[in-house]
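Structure first, commentary second.
In my numbering, the protein residues as written are 349 to 446.
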């Protein structure tokens, strides 16, 4: 696979730098998609635990429009922060070290 005497180990100097962009992008995209997931969350969530999408769903059911709007704004800000973090990291990684 990789030549050991030259100083290249599996995952050390070749593999991880090449995968870095893909792994970071996959993490952020999965996080952003998971923030809006409601169907699976309702099926697997234990009693007493509520995520933001579940809270939004419950408040919509009870007609609390102001609370729904506030929670949607919080969810939007979290997703924009994650997207901004992805953009910042991708720009920083493209520049290289230094």
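Just so you know, even glycine gets a beta-carbon here, dropped at the ideal spot from N, CA and C.
Straight-line gap, residue i to residue j (C-alpha atoms, nearest Å)
i: residue 432; j: residue 385; result: 20 Å
i: residue 434; j: residue 400; result: 22 Å
i: residue 410; j: residue 439; result: 44 Å
i: residue 369; j: residue 394; result: 34 Å
i: residue 383; j: residue 422; result: 11 Å
i: residue 376; j: residue 424; result: 14 Å
i: residue 419; j: residue 406; result: 11 Å
i: residue 441; j: residue 366; result: 11 Å
i: residue 349; j: residue 427; result: Interpretation of residue 349 is limited by its pLDDT of 49, a score under 50 that renders its predicted location unreliable; the figure taken from the coordinates is listed afterwards. Answer to the nearest angstrom: the Cα atoms are 40 Å apart.
i: residue 402; j: residue 388; result: 11 Å
i: residue 415; j: residue 436; result: 31 Å
Residue span of the alpha helix (DSSP H) that contains residue i, given as start and end
i: residue 437; result: 413-443
i: residue 401; result: 400-410
i: residue 391; result: 387-392
Cβ-heavy atom distance, residue i to the ligand HEM, below 7 Å
i: residue 426; result: This structure does not include the ligand HEM; it has no bound ligands of any sort.
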